[in-house]
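Take a look at the structure set out below.
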Amino acid sequence: MVKYKDETLDRTFAALSDPTRRALLARLGERDSLSVSELAAPFPISLPAIMKHLDVLSDAGLIVREKSGRTVACRLTAKPMEQAMNWLNRYAQFWSDNLDRLAAFVEEDPWPTQPLAPISVPPNAQASRSHAGSARGRKKSTLPGRKPSS
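In the numbering used here, the protein residues as written are 1184 to 1333.
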């Protein structure tokens, strides 16, 4: 069994798994820096809930919070996202190569353009009987509270 453990990558993907956190990151991507209240404005959740989401993003290293007086500003940091993209690109390359080979295989042997002739079945042919479950007899059902008869 392969044991691949990278806590930074785990925290990054865990942080990205929530749609509210992804929306917060998207808003931060539009501007260089936003205050917490500016970030929270379009969301229908409370400011403490936004703060918890920002804690997760900060713990993952995806954002940095800077306090200036009474205002806390947030901005994106690139390193964890770069690591996640590198990880994803390895698998994208793998799947791209495999899908290219599949496409080449499918394209090398063209599909028939004419429909196949129907298979003729003799008129006296019968389907074989199924023997599924024949090893044990059929189970008889009983009404609740009654003993099965033997």
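Glycine residues also receive a C-beta, built at the ideal position from the N, C-alpha and C atoms.
Which listed residue (Pro1227, Leu1237, Arg1205) has its alpha carbon closest to that of serine 1218: For serine 1218, the closest alpha carbon among the candidates Pro1227, Leu1237, Arg1205 is that of Leu1237.
I believe arginine 1173 touches leucine 1240 by the beta-carbon criterion, under 8 Å. Please report the beta-carbon distance rounded to the nearest angstrom. Nothing in the structure corresponds to residue 1173, since the chain is present only between 1184 and 1333.
Classification of isoleucine 1233 by the beta-carbon crowding that lies within 10 angstroms, buried from 16 upward: Buried, by the Cβ-count rule.
Do alanine 1267 and leucine 1199 have their CB atoms nearer than 9 Å? Taking 9 Å as the Cβ cut-off, alanine 1267 and leucine 1199 qualify as a contacting pair.
Compute the Euclidean distance between the alpha carbons of lysine 1271 and glutamate 1265, then round it to the nearest angstrom. The amino acid occupying residue 1271 in the given sequence is leucine; lysine does not appear at that position. Cα to Cα, leucine 1271 sits roughly 10 Å from glutamate 1265.
Let me check understanding here. Comparing Cα to Cα, which of Ile1228, Pro1231, Gly1244 lies closest to alanine 1197? Selected option, being the one with the closest Cα: Gly1244.
By a C-beta neighbour count over all protein chains shown, 10 Å radius and 16 as the cutoff for buried, is proline 1263 buried or exposed? Counting other Cβ atoms within 10 Å of its Cβ, proline 1263 reaches 16 or more and is therefore classed as buried.
Who are isoleucine 1228's beta bridge partners in DSSP? Partner(s): none; isoleucine 1228 has no beta bridge.
With respect to the beta strand (DSSP E) encompassing arginine 1248, which residues constitute its N-terminal and C-terminal limits? Going by DSSP, arginine 1248 is part of the beta strand (DSSP E) stretching over 1246–1251.
Assigned exposure category for leucine 1222 - 16 Cβ within 10 Å defines buried: A buried status is given to leucine 1222, since no fewer than 16 other beta-carbon atoms sit within 10 Å of its beta-carbon.
Nearest-angstrom Cα distance between alanine 1209 and glutamate 1291? Linking alanine 1209 to glutamate 1291 through their CA atoms gives a straight-line distance of about 43 Å.
Going by DSSP, name the residue or residues bridged to threonine 1254. The partner list for threonine 1254 (beta bridge, DSSP) reads Ser1251.
Give me the Cα-Cα distance between arginine 1248 and cysteine 1257, rounded to the nearest whole angstrom. Roughly 5 Å between the two C-alpha positions.
How is serine 1220 classed by DSSP in three states: helix, strand or coil? It is helical.
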